[in-house]
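Each residue of the sequence shown is one higher than the one before, counting from 0 in numbering that gives the first Met the number 0.
C-beta atoms are modelled at their ideal positions from N, C-alpha and C, and glycine is treated no differently.
Below is one structure, written out as structure tokens; comments come after it.
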Amino acid sequence: MIGLGMVAQLVYVPLLQRRRDRFHVVALCDPNAAARDAVGDQLGVASQDRVATVDEIARRTDLDGALVLTSGSHAPASRALLDAGVPVLVEKPLAYTLAEVDTLAQGADRLLLGYMKLFDPAVQAAVAAVDQLGPLRAADVTVLHPSNERQIHHLGWNPPPPPPADPAQARDLARLQTDALGPEAAEQLGPIYTNVLLGSVVHDLAVLRSLIGDPQAVDRAEHWEGPSGLSVGFDGRAGDVRVSMRWHLLPEHPSYREEVRLHGEHGSLRLEFPAPYVLHAPTQFELTAADGPDEKRISRISYGEAFARQLDAFEQMARGVAAPASSVAEGRADVLTCQRIASALAGAKGLPISGEAAAS
């Protein structure tokens, strides 16, 4: 396991503890020694196998696979592991620039991109039901995002103290934001691009891809701020389907809410997702469709844990039994879409856009 932050400790560690018959964690990597010790003690990893750098992991010869769960761009760690012959499950985002993504093209058959919602039984039911909607007209996405602290308060997690900020990481992030958007746009929109669009919105882009395909165009975008949080919205097109997405950071909102609605000439479907850190919480699927002169409604509540099913898919990929459900091509498509959204945001503010986004 590489990267031992919140998603590692609250999601992957509990799931791996339940699957000791199928997964054996032999090494941990994180620059934070306190996090290494906390997770290492839980998983029974020997102290000499708790290391600080990816290079120390990539030199090992006893790995069947690696979980890349770090913050920021995952391209450098993924490239080092793929070059060492290690299959990887990579949390989103895959990377911040198209150039980074393209360095991973040769390893696409050994890289599973962690869009866990694709493994949710409710999402898979929705994919199977799309044809019942007839010609599609619109897709709407709404995300209400409380603070992480509010989302995980009930878990009683006491995280280890973080290490001092790394100036080199801050410089690398600023460079990648500039490479993607150009200097003026990166200065004002860089955090929205990396933290909101590539850090959160990509999950919904992955769901939309499975239902209607990728947006080929972004017609307009805007962002605005309330007293305590940020909102980002965009409207675009995926073929003949008009796409509308609104993402709201509402730190004190009582609960996380994420909803995807798809409307066609013969009916509609709705997906409502739980907070990502609540394992085995239900995802709700509802289909409303024509049934002759009548209307039929089908609802489903899925308790199948998407993260757990994603681990199962990773095992199958690592064994060479199955191809990855989402890999480098999907990560590249999402970087391209997020650059288009950022470009539209820049246009709305009168900011010049350059870098990769100028060609998107």
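Along the length of the region 210-244, whole beta strand (DSSP E) runs at least 3 residues long occupy 216-224, 229-237, reported in chain order.
Within 10 angstroms of the beta-carbon of Glu264 lie fewer than 16 other beta-carbons, which makes it exposed.
A buried status is given to Leu204, since no fewer than 16 other beta-carbon atoms sit within 10 Å of its beta-carbon. Here the alpha carbon of Trp223 sits roughly 15 Å from the alpha carbon of Gly189. Pro163 and Arg17 have their C-alpha atoms roughly 33 Å apart. Residue pairing for Ala138: DSSP places it in a beta bridge opposite Val242, Leu261.
Per DSSP, the continuous alpha helix (DSSP H) segment holding Phe313 begins and ends at 305-317. From the listed residues Ala332, Ala358, Ser359, Ser230, the smallest Cα separation to Pro92 is found for Ala332. With contact defined as three or more Cβ pairs closer than 8 Å, the region 320-328 and the region 283-303 are not in contact.
For Asp203, the secondary structure class from DSSP, reduced to helix, strand or coil, is helix.
Secondary structure note for Gly346: its alpha helix (DSSP H) is the uninterrupted segment 327-348.
Assignment of Ser301 by DSSP, reduced to helix, strand and coil, places it in the strand class.
Considered as a whole, the region 261-292 harbours 266-272, 282-290 as its complete beta strand (DSSP E) runs of no fewer than 3 residues, in chain order. Per DSSP, the continuous alpha helix (DSSP H) segment holding Glu186 begins and ends at 182-190. A residue is called buried once 16 or more other Cβ atoms fall within 10 Å of its Cβ, and Trp246 is buried on that count. Assigned with DSSP and collapsed to three states, Glu251 falls in coil, not helix or strand. The criterion of a C-beta distance shorter than 9 Å is satisfied by Pro214 and Arg339. Ala74 is positioned such that its CB atom lies no closer than 9 Å to that of Val53. Boundaries for Leu132: no alpha helix (DSSP H) harbours it, and the DSSP string shows neither H nor E there.
In the DSSP assignment, His144 is bridged to Leu248.
The secondary-structure analysis by DSSP pairs Ala65 across a beta bridge with Val87.
Comparing alpha-carbon positions, the option among Glu258, Leu196, Asp108 lying closest to Ala312 turns out to be Asp108. Between Pro250 and Pro145, the C-beta spacing is below 9 Å.
The bridge partners DSSP lists for Leu27 are Arg49. Residue nearest to Arg19 within the set Thr69, Ser353, Pro159, Gly43 is Gly43 (criterion: CA-CA distance). Within the same chain, Val334, Glu355 come within 6 Å of Leu97 by CB-CB distance, once the 5 residues on both sides are set aside. Assigned with DSSP and collapsed to three states, Gly354 falls in helix. Secondary structure at Gly113: strand, using DSSP grouped into helix, strand and coil. With a cutoff of 9 Å on beta-carbon distance, Leu154 and Tyr255 are scored as not near each other.
For the pair of segments examined, the region 115-125 was found not to touch the region 341-353: the number of CB pairs separated by less than 8 Å stays below three. Per DSSP, Pro162 lies in no alpha helix (DSSP H) segment and is marked neither H nor E.
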